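Inspection log for the structure reproduced underneath, given as structure tokens.
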Amino acid sequence: MSGAQAATTGHAGHPPGAGAGQQAPPPRIDMRGNLARALHDPALQTALGRALPGFRRMRADAVAEMPEWEALRRLAAQIKDHALAHLDRYLEQLAAAVAAASGQVHWADDAAAARRLIVDLAQARGVRRVVKSKSMVTEEIGLNGALEAAGVRVVETDLGEYVLQLAGEPPSHLIAPMLHKPLEAVTDLFAARLGAPRYTRAEDLNRVARATLRGEFLAAEMGITGVNFAVAETGTLVLVENEGNARLVTARPRIHVAVMGIEKVLPRLADLGVFLRLLARSATGQRASVYVSLLTGPRRPGEPDGPEELHLVLVDNGRTRLLADGDLREALRCIRCGACLNVCPVFARAGGHAYGSVYAGPIGAVLTPALWGLAPAHELPFASTLCGACGEVCPVRIDLPRLLLELRARAVRAGLVDRPERLLARLWTFVMRSPTRLQLAGRVARVLQRPLVRHGRIDRLPPPLAGWTAHRSAPPLAAVPFRARWRRGHEPPEGGDRDMPAAGPFPARWRRGRRST
Amino acid sequence: MSRDTVLGRVRAALAAARTQGAAHGTSAAPMELPALPAAGTLADPVGLFVERGRAVAATVEVCASADDAAAQAAAWLAARGARRLVAWDDPAIWAVAAQLAARGFEIAGPGAPVDVVAQADAGLTGAAWGIAESASLVLPADPRRPRLFSLLPPLHVAVLRADRIVADLPAWFARLAEGGPGGAGLPGAGAGAGTALPSALALVTGPSRSADIGLVPVQGAHGPVDVAVLVVMRP
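For the protein sequence lines, the chains are A and B, in the order given.
Residues in the first sequence are numbered from 171 upward in steps of one, following the working numbering.
Residues in the second sequence are numbered from 10 upward in steps of one, following the working numbering.
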């Protein structure tokens, strides 16, 4: 499968810095290599092709139903920008409110600190079994490995995450973590690992997982979740899901540990009226997710269920670096809906693992280098056609194309871009700055291209331009440059230039073309 | 200690961004928190709740009275072979629960041990509110209203008063903010923003689902396979 091979050169699926060896420089993410491997993985291509059009359609239908959609997006962006601009104040308010509701608040400045904190919590309380609901931040900090190394059994309970845990693979999509895996793989996996019959229907496989995980929920002493939103004014932690596993994880085990990135805080409870609607419709095209849990403190006296202890772990792990960066800060608005992945033409071919980080797609191509350093991840912002679709669907109006361009510019300034590419760009700049040089260069190129043109196109350019024609043909330069024609007053070209139509602002050939369509 | 580290970093980051913004001439006045959308109003909230509830594969029936609701619940449960129930101790369902018991259903209350809850065929709950836009039920947790009753059994029956259905999320938050005894309508609600909320509020919209395995949608991923909402017009 794709997951086994496509990743960073080191540990699969974890961002630079998440691994145990913090001292070593993080491995470079080989996005180009990963992409090439993904393109030659037919199973992955089939899975992506089956999933993404449906995701896009469901979102589009759900959005079309709401005339106030654009107003909601603008509001969401404003609320997030406000919360980020006053993040110190809101974090303090949140911490105080959680404590007032008898929750305990912990702070972790990086992944290692967060892991240590949670492992210590588990060990101090004699925890042997942990159930988890799907959480990107715990993937980000590499929590499962740390708990397992400490002898704690960790079970993922989101169905997709559970399958991936059995398979030993990282998730490949924010919302549909096992998007890349076909049903048949689950049949094999459940037969091999759980001794289940070789079921071929999703309902049967689901029943196997439900029964197995039921036992885990009932036996676990600790439940670990992420946090979708945290409300500063009430200390309420909000979890959004469809399966019910997050509810079980927070209702049954004695201890609940909620892990959140510090950017998830919202000022007011009523802000959820904006964000819950945006999230459900953007992520899955639902009017509401099946389960939204608003948790304010642990269980209270007399309550028969709910955790006796609630711990909130606030994780920085690079977020303050992004907060300080005025040009990139808006990436912290992200609510992890996955809409930008679903519309991205590069993600549609690459899949999630190619990005070599827990965060894939356009937002991943921004977050990974912005949070953990450009050097190891500088290829990611280039994995985009800049078509703009990601920015259009983003429910919190993150201007992803602008952020990708900004990171590209920084990669160039830092000298991270390939030498030939840099030289070409410099040459291009030099030529384009003077009309004389452009004219001269055109003349030279028209001569040089002669041996390369076959049937009116160029199928193969020599190095260092070979990459340009690796997967497509290039059009040759026109025999008479546009500037020359313009100067002659739109005359028809002498000779047989097929590219240039007859004179006039609307040449006859174009008019014909228009009428015929 | 790490609290001060993280908060210190946040403050340093905000200061650095302000300096950078001033240098670029882009930094504006501190952003105000915008006003939120007004609460929606509907001519027929019950009608929309029923339509949207059916759209998410819930069974939604409008019942004239508690007697009617009990009859509907009994028929729905019997059709699914349910016999053993766990039920909240909630005034909204006392009448329904009593009639179901009279019809021979075994009913355990909030004190039931977890294995009884796990073995039950169905959970019977009230709902503090209904949200019409999405057909969501609002289920608070407190000593008489366990969280697991709407979660562990494969069937969930919720009794919802028609006058508790609001148009949308903003309308619900507006009602919550009214606070005070009876105003918020949340059992055990006290004074003050933080304490007014119960330890858990679950917004439930239809049966538990997943499409993770092979992109095939299934109901009953971890929670109930089927949900019935009985909207009672005259409780």
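Using N, Cα and C, we set each Cβ at its ideal position, and we do this for glycine too.
In this text, all values refer to a predicted model and were calculated from it rather than measured experimentally.
Label B/Ala257 either buried or exposed according to how many other C-beta atoms from any shown protein chain fall within 10 Å of its C-beta, with 16 as the threshold for buried. This structure does not reach residue 257 of chain B, given that chain B is present from 10 up to 244, and the question cannot be answered.
Return yes when the Cβ of B/Val240 is within less than 8 Å of the Cβ of B/Glu70, no when it is not. As a working note, residue 70 of chain B is residue 61 in the second sequence. As a working note, residue 240 of chain B is residue 231 in the second sequence. In contact: B/Glu70 and B/Val240 (Cβ atoms closer than 8 Å).
I'd like to know if B/Arg93 contacts chain A, where contact means its C-beta is closer than 8 Å to some C-beta of that chain. If you number the second sequence from 1, residue 93 of chain B lands on position 84. False, the Cβ-Cβ gap to chain A never drops below 8 Å.
Looking at C-alpha atoms only, which residue of A/Arg624, A/Leu493, A/Leu498, A/Gly534 is the closest neighbour of A/Asn512? Walking along the first sequence from the start, residue 512 of chain A turns up at place 342. If we check each option's Cα against that of A/Asn512, A/Gly534 comes out closest.
Separation of B/Ala66 from A/Leu575, as counted between CA atoms: Taking the first residue of the first sequence as position 1, residue 575 of chain A is located at position 405. Taking the first residue of the second sequence as position 1, residue 66 of chain B is located at position 57. Going from the Cα of A/Leu575 to the Cα of B/Ala66 covers about 44 Å.
Scan the region 558-582 of chain A and note each continuous beta strand (DSSP E) run of 3 residues or more that stays entirely inside, going in chain order. none
Neighbour list for B/Arg184 in chain A, Cβ cutoff strictly below 8 Å: Reading the second sequence from its first residue, position 175 is the one you call residue 184 of chain B. Result: empty, since nearest Cβ-Cβ is about 11 Å, beyond 8 Å.
So what does B/Thr68 bridge to, in DSSP terms? Here residue 68 of chain B refers to the residue found at position 59 of the second sequence. B/Ala237, per the DSSP bridge assignment.
Name the two residues that bound the continuous alpha helix (DSSP H) containing A/Pro212. As a first step, residue 212 of chain A is located in the first sequence; it is residue number 42 there, counting from the start. 212-234 is the span of the alpha helix (DSSP H), which, as asked, contains A/Pro212.
From the beta carbon of A/Gln192, is the nearest beta carbon of chain B less than 8 Å away? Within the first sequence, residue 192 of chain A is the residue found at index 22, counting from 1. Summary for A/Gln192: the model assigns pLDDT 43, below 50, so the residue's position carries little reliability, and this model does not support an answer.
Could you tell me which residues DSSP pairs with A/Glu310 in its beta bridges? Locating residue 310 of chain A in the first sequence gives position 140, counting from the first residue. Paired residues: none, contrary to the question.
List the residues of chain B whose Cβ lies closer than 7 Å to the Cβ of A/His523, in chain order. To locate residue 523 of chain A, count along the first sequence from 1; it is residue 353. Those do not exist, as A/His523 stays about 17 Å from chain B at its closest Cβ, beyond 7 Å.
Pair every Cβ in the region 222-229 of chain A with every Cβ in the region 501-512 of chain A, then say whether three or more of these pairs are closer than 8 Å. yes
I'd like to know if B/Glu60 contacts chain A, where contact means its C-beta is closer than 8 Å to some C-beta of that chain. Along the second sequence, read from residue 1 onward, the residue named residue 60 of chain B stands at position 51. B/Glu60 does not count as touching chain A.
Between A/Gly393, A/Ala379, A/Trp277, which lies nearest to A/Asn314 when the distance is taken from Cα to Cα? Numbered from 1 along the first sequence, position 144 holds the residue referred to as residue 314 of chain A. When each option's Cα is compared against that of A/Asn314, the closest is A/Gly393.
When you compare only the Cα positions, how much space is there between A/Thr327 and A/Ala213? The residue you call residue 327 of chain A lines up with position 157 of the first sequence. The residue you call residue 213 of chain A lines up with position 43 of the first sequence. Cα to Cα, A/Thr327 sits roughly 25 Å from A/Ala213.
Rank A/Leu647, A/Pro646, A/Leu631, A/Ala648 by C-alpha distance to the C-alpha of A/Ala640 and give the top, closest one. The sequence position of residue 640 of chain A within the first sequence is 470, counting from 1. Selected option, being the one with the closest Cα: A/Leu631.
Quick check on A/Ile425: does DSSP put it in helix, strand or coil? Reading the first sequence from its first residue, position 255 is the one you call residue 425 of chain A. Three-state result, A/Ile425: strand.
Given this structure, state the Cα-to-Cα distance separating A/Arg470 from A/Val378, to the nearest angstrom. Along the first sequence, read from residue 1 onward, the residue named residue 470 of chain A stands at position 300. Along the first sequence, read from residue 1 onward, the residue named residue 378 of chain A stands at position 208. A/Arg470 and A/Val378: Cα-Cα distance of roughly 34 Å.
Taking the Cβ atom as the reference point for each residue, do A/Met306 and A/Gly414 lie within a distance shorter than 8 Å? Taking the first residue of the first sequence as 1, we reach residue 306 of chain A at position 136. Taking the first residue of the first sequence as 1, we reach residue 414 of chain A at position 244. Taking 8 Å as the Cβ cut-off, A/Met306 and A/Gly414 do not qualify as a contacting pair.
Secondary structure of A/Lys351, DSSP reduced to three states: For the purposes of this step, residue 351 of chain A is taken as the residue at position 181 of the first sequence. In this structure, A/Lys351 counts as coil in the three-state DSSP scheme.
Chain B residues whose Cβ lies nearer than 7 Å to that of A/Met348: Position 178 of the first sequence, counted from the start, is the residue given in the question as residue 348 of chain A. Ordered by position in chain B, the residues that pass the 7 Å Cβ test against A/Met348 are Asp221.
Where B/Arg218 meets chain A, residues with beta-carbon distance less than 8 Å: Looking up residue 218 of chain B in the second sequence gives position 209. Going along chain A in sequence order, the residues near B/Arg218 (Cβ under 8 Å) are Asn412, Glu413, Val460.
Opposing strand residues paired with A/Pro645 [DSSP bridges]: In the first sequence, residue 645 of chain A corresponds to position 475, counting from 1. Paired residues: none, contrary to the question.
Excluding the 5 residues preceding and the 5 following B/Ala75 in the sequence, name in chain order all residues of the same chain whose CB lies nearer than 7 Å to its CB. Reading the second sequence from its first residue, position 66 is the one you call residue 75 of chain B. For B/Ala75, where only same-chain residues beyond five positions count, the Cβ hits under 7 Å are Ala104, Val105, Val241, Pro244.
Sort out for me which residues DSSP pairs B/Thr134 with in a bridge. Translated into positions along the second sequence, residue 134 of chain B becomes position 125. Partner(s): B/Ala167.
Assuming the contact rule is C-beta atoms closer than 8 Å, A/Asp279 and B/Ser11 should be a hit. Round their C-beta distance to whole Å, please. Stepping through the first sequence from its first residue, residue 279 of chain A is reached at position 109. Stepping through the second sequence from its first residue, residue 11 of chain B is reached at position 2. Indeed, because the Cβ distance is near 6 Å, the residues count as touching under 8 Å.
Buried or exposed: where does B/Asp235 fall if 16 or more other Cβ atoms within 10 Å of its Cβ makes it buried? Locating residue 235 of chain B in the second sequence gives position 226, counting from the first residue. Burial call: buried.
Around the Cβ of A/Ala284, are there at least 16 other Cβ atoms within 10 angstroms (buried) or fewer (exposed)? Position 114 of the first sequence, counted from the start, is the residue given in the question as residue 284 of chain A. Buried is the call here.
When A/Ala611, A/Leu586, A/Gly585 are compared against A/Leu597, the one with the closest alpha-carbon: Working through the first sequence from its first residue, we reach residue 597 of chain A at position 427. Comparing Cα-Cα distances from A/Leu597 to each of A/Ala611, A/Leu586, A/Gly585, the minimum goes to A/Ala611.
Is the region 405-422 of chain A in contact with the region 218-233 of chain B, if contact means three or more CB pairs nearer than 8 Å? yes
Completely contained beta strand (DSSP E) runs for the region 14-93 of chain B, where each covers 3 or more residues: 68-74
Amino acids of chain A, ordered along the chain, whose beta-carbon sits closer than 7 Å to that of B/Ala110: Within the second sequence, residue 110 of chain B is the residue found at index 101, counting from 1. Those do not exist, as B/Ala110 stays about 20 Å from chain A at its closest Cβ, beyond 7 Å.
Buried or exposed for B/Trp252, going by 16 or more other Cβ atoms inside 10 Å? Only positions 10 to 244 of chain B appear in this structure, which leaves residue 252 of chain B out of reach.
Which of the residues in the region 277-300 of chain A, read from start to end, lie with their CB under 7 Å from any CB of chain B? Trp277, Ala278, Asp279, Ala283
Considering only the beta carbon of each residue, do A/Leu257 and B/Leu23 sit closer than 8 Å? Numbered from 1 along the first sequence, position 87 holds the residue referred to as residue 257 of chain A. Numbered from 1 along the second sequence, position 14 holds the residue referred to as residue 23 of chain B. It is a contact, given that the beta carbons lie within the stated cut-off.
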